[in-house]
Amino acid sequence: EKGGYDNFMLKEINEQPRSIRDTMRGRLLVDEGVIKMAGIWDNQERFLNAKRIIIVACGTSYHAGLVAEYMIEDFARIPVEVEYASEFRYRNPIIKKSDVVIAISQSGETADTLAALKLAKEKGAFIFGINNVVGSSIARITDAGAYTHAGPEIGVASTKAFTAQLTILALIALKLGKHKGELTNEKFNLLTRELERIPDLVQQILDSCEGVVDQIAEKYKNNSNAIYLGRGYNYPSALEGALKLKEISYIHAEGYPAAEMKHGPIALLDENMPVIVIATKKGYYEKVVSNIQEIKSRSAKVIAIVNEGDLQVTSLADDVIIVPETAEEFSPILTAIPLQLLSYWIAVKLGKNVDQPRNLAKSVTVE
Ligand code: F6R
249 EKGGYDNFML
259 KEINEQPRSI
269 RDTMRGRLLV
279 DEGVIKMAGI
289 WDNQERFLNA
299 KRIIIVACGT
309 SYHAGLVAEY
319 MIEDFARIPV
329 EVEYASEFRY
339 RNPIIKKSDV
349 VIAISQSGET
359 ADTLAALKLA
369 KEKGAFIFGI
379 NNVVGSSIAR
389 ITDAGAYTHA
399 GPEIGVASTK
409 AFTAQLTILA
419 LIALKLGKHK
429 GELTNEKFNL
439 LTRELERIPD
449 LVQQILDSCE
459 GVVDQIAEKY
469 KNNSNAIYLG
479 RGYNYPSALE
489 GALKLKEISY
499 IHAEGYPAAE
509 MKHGPIALLD
519 ENMPVIVIAT
529 KKGYYEKVVS
539 NIQEIKSRSA
549 KVIAIVNEGD
559 LQVTSLADDV
569 IIVPETAEEF
579 SPILTAIPLQ
589 LLSYWIAVKL
599 GKNVDQPRNL
609 AKSVTVE
């Protein structure tokens, strides 16, 4: 059942080209210039007239929500707020009938996310679910939804469900952008063509980066801390990278927007602090380069995720992992892969149980 892999986590990491493709199948019709999603189409009025979209989620699903905020605002120009479900539900939030509330949840059973949705429903908002588990509690109470077709995720740490969430959120953002008239046909076609390539690019990363990531894991496995940095679309990637490392290797890690470094975390830097920086070409590359210079001048080690052909960051960093270039908006799907693998290899080298990390449950059905 582990398909020849040592554990479910590695199997699920390697399944991502398929799970992403399955999530797009029948929806992304590039040649027709169409994205088919009944849950959105049937409720067009609610979405296109929404004054605001509120996304509620927990953990990794919350990180997918943060990327969605950037995509939906960028493509469709609808204001988006992303909230931890546990905070949202208890803070007397302002919810209007003109709001669309989207819950993102792999399991569809997370207690806080479910409760946040129920609250939104009571207040008359339109509630939409993005779930991986068919027929789950969230899927049943929502007005409409769209499933990620990642297949069952057994490893406690979310991997393929996350990239499937990013995929479906990209489809939703593109569809809303098109119907709102905010994306030109030309831009829409360019982006959908790029999105269609993502499964192949993920496969390319899986084929090429395992050896490099293994070496990096060996080099840094005994460090007790790590900092993850990214900007723009890859700021949530930094948060997700840090969460993955914490949960399966039990190494303390923090994710930050790269520019926030100088507002405090920079005090932590010395030769014992590895800093993982997402430095792909688009999206403030030059600014990330200067962030890396600041880090290097404090003697910290830099592990950078860069694009093919990168020279500047490569000359500064201690270690690099290369991923192919894509549209900035979809780059978090690609950068997630080496970050998953890095946590995976560190945890395995430390002898941890990657499928069932201590203290964690696959679905958190109590608040
Ligand atoms: C992290 C992880 C958790 C879940 C969170 C939400 O790897 O798995 O942070 O993402 O508990 O779970 P779902 O998506 O099922 O609502």
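Residues in the sequence shown are numbered from 249 upward in steps of one, following full-length UniProt numbering. Even for Gly, the Cβ is constructed at its ideal location relative to N, Cα and C. Nothing here was measured: the structure is a model prediction, and the numbers come from that model.
Indicate, with yes or no, if ligand 1 has a heavy atom lying under 7 Å from the CB of residue i.
i	result
Gly-307	yes
Ala-405	yes
Glu-263	no
Ser-472	no
Val-612	yes
Glu-576	no
Thr-396	no
Leu-487	no
Thr-361	yes
Leu-424	no
Thr-358	yes
Gln-354	yes
Leu-517	no
Leu-491	yes
Glu-260	no
Glu-458	no
Glu-321	no
Glu-615	no
Glu-495	yes
Run through DSSP, which three-state label would residue i get?
i	result
Glu-576	helix
Ser-353	strand
residue 617	Absent from the model: residue 617. The displayed extent of the chain is 249 to 615, so no value can be given.
Glu-502	strand
Glu-466	helix
Thr-562	helix
Lys-530	coil
Ser-456	helix
Leu-517	coil
Asn-437	helix
Gly-489	helix
Ser-472	coil
Glu-263	coil
Leu-598	coil
Thr-271	helix
Ser-547	coil
Thr-583	helix
Who pairs with residue i in a beta bridge, going by DSSP?
i	result
Val-525	Leu-477, Ala-552
Leu-276	Ile-283
Tyr-253	In the DSSP output, where bridge partners are listed per residue, Tyr-253 has none listed.
His-511	His-511 is not bridged to any residue.
Val-571	Asn-555
Taking the continuous beta strand (DSSP E) assigned at residue i, which residues delimit it?
i	result
Asp-603	From DSSP, Asp-603 is part of no beta strand (DSSP E); its letter is neither H nor E.
How would you write the range of the alpha helix (DSSP H) that residue i sits in, first residue to last?
i	result
Ser-538	533-544
Lys-610	Unbroken run through Lys-610: none, as it is neither H nor E.
task: Taking only runs that begin and end inside the UniProt domain "SIS" (291-430), name each unbroken alpha helix (DSSP H) of 4 or more residues, in chain order.
output: Segments of the alpha helix (DSSP H) lying fully in the UniProt domain "SIS" (291-430): 292-296, 307-324, 333-336, 359-370, 385-389, 408-427.
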